[in-house]
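**Student:** Every letter in the sequence shown is one number past the one before it in the numbering used here, and letter 69, counting from 1, is 73.
Beta carbons: idealized from backbone N, C-alpha and C, even for Gly.
Please find one structure pasted underneath; my questions will follow.
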Amino acid sequence: MSLLTLQNVSRRFGAVTALNNISLTVEPGELRAVIGPNGAGKTTLFNLISGFFPPSDGNIIFDGEPITAVNPAVLVKKGIIRTFQITEIFLDLTVYENIRVAVEVAMGISLRPWVSSAMRAKVNARVEELMEIVKISHKADKVAGEMSHGDQRVVEVGIALSRHPKLLMLDEPTAGMGDEETNHMTGLIRSLNKEQKITMLFIEHDMSIVFGVADRITVLDNGTMLAEGNAKQIADNPRVQAAYLGQAA
5 MSLLTLQNVS
15 RRFGAVTALN
25 NISLTVEPGE
35 LRAVIGPNGA
45 GKTTLFNLIS
55 GFFPPSDGNI
65 IFDGEPITAV
75 NPAVLVKKGI
85 IRTFQITEIF
95 LDLTVYENIR
105 VAVEVAMGIS
115 LRPWVSSAMR
125 AKVNARVEEL
135 MEIVKISHKA
145 DKVAGEMSHG
155 DQRVVEVGIA
165 LSRHPKLLML
175 DEPTAGMGDE
185 ETNHMTGLIR
195 SLNKEQKITM
205 LFIEHDMSIV
215 FGVADRITVL
225 DNGTMLAEGN
235 AKQIADNPRV
245 QAAYLGQAA
């Protein structure tokens with residue numbers, strides 16, 4: 005059974021059709037990229053899947069259940085976790101503190117006036133585990149606001165993992181990064197998918213990253229599905245070359 009299914013999904017804003025009759029499936033364990041020119045409908049697609057607004061037409065099914073009109077908070081509990089283009093972390097807290105806050109929320113203890121030592125130890129162990137997974141343990145005591153943009157995005161991924169995602173959605177995870185930070189994030193995406201077995205859906209403009217890590221690629225153009233396939237199929241597709249790859253070059 006597919007983890008995520010979109011059936012003839014469209015989204016209109018007044019007279020503007022942002023997405024038109026999109027159907028796709030994402031399989032468990034898949035690493036799927038979504039590409040397309042600016043205005044192609046990529047962010048609208050992410051907004052529909054993560055519940056920020058409902059489709060005008062069509063159905064969305066996640067893990068065997070319809071989620072077409074389900075709000076984001078419920079979808080988070082179901083395992084759909086999303087990061088955004090703009091980094092969202094507490095800049096005045098350290099790396100450790102940022103991830104600890106997320107873990108406490110995920111464990112449902114953030115508002116408790118008292119927490120047992122056993123639960124506190126469980127929280128601390130989970131924070132350490134997440135920092136190790138995203139490879140930022142060596143910067144645990146660094147204040148987030150003093151870190152590079154790339155490191156802040158890594159912290160954000162660590163926060164997202166606190167929710168045990170079934171589907172992790174990354175919106176332009178390498179945007180604004182230098183080569184070293186991009187390489188780190190690219191390696192992290194690979195390891196989360198291959199080692200942590202997390203199904204992932206990501207928007208990316210860097211085609212070397214897309215072709216290097218994605219199992220399958222969905223290409224949008226003007227709100228429609230232009231093509232779908234593996235890296236070779238997409239690179240060799242004349243319509244994709246004309247609409248996107250050639251434009252990027």
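Does the Cβ-Cβ distance between residue 158 and residue 111 come in under 8 Å?
**Tutor:** No. Outside cutoff.
**Student:** Which residue marks the beginning of the alpha helix (DSSP H) containing residue 52, and which one marks its end?
**Tutor:** Counting along the chain, the alpha helix (DSSP H) containing residue 52 begins and ends at 46-53.
**Student:** Between the region 51-62 and the region 12-26, do three or more beta carbon pairs fall short of 8 Å?
**Tutor:** Enough Cβ pairs lie closer than 8 Å, so yes.
**Student:** How is residue 76 classed by DSSP in three states: helix, strand or coil?
**Tutor:** Residue 76 falls in the helix class under three-state DSSP.
**Student:** Under 8 Å, do residue 147 and residue 225 count as touching if we go by C-beta distance?
**Tutor:** No; because the gap between Cβ atoms is not below 8 Å, this pair is not in contact.
**Student:** For residue 229, list the residues DSSP reports as bridge partners.
**Tutor:** Per DSSP, 224.
**Student:** Can you give me the start and stop residues for the beta strand (DSSP E) that residue 11 sits inside?
**Tutor:** Segment 8-17, the beta strand (DSSP E) holding residue 11.
**Student:** Does DSSP classify residue 253 as helix, strand or coil?
**Tutor:** In this prediction, residue 253 scores a pLDDT of 39, lower than 50, which makes its location untrustworthy; the coordinate-derived value is nonetheless stated afterwards. It is coil, neither helix nor strand.
**Student:** What do you get for residue 40, buried or exposed, if any count of 16 or more other CB atoms within 10 angstroms of its CB means buried?
**Tutor:** When all chains shown are included, residue 40 counts as buried.
**Student:** Using only the alpha-carbon positions, how far apart do residue 230 and residue 221 sit?
**Tutor:** Looking at the two C-alpha atoms, the distance is approximately 11 Å.
**Student:** Who are the near neighbours of residue 6 in its chain, counting only those whose CB is closer than 7 Å to its CB and skipping five residues on each side?
**Tutor:** These residues qualify, in order along the chain: 29, 30 and 31.
**Student:** Note down the Cα distance separating residue 246 from residue 122, rounded to an integer number of angstroms.
**Tutor:** The straight-line gap from Cα to Cα measures roughly 59 Å.
**Student:** Suppose the cutoff is 8 Å on Cβ atoms and the five residues either side in sequence are ignored; what does the same chain contact list for residue 98 look like?
**Tutor:** Taken in chain order, the residues that qualify are 144, 145, 146, 147 and 148.
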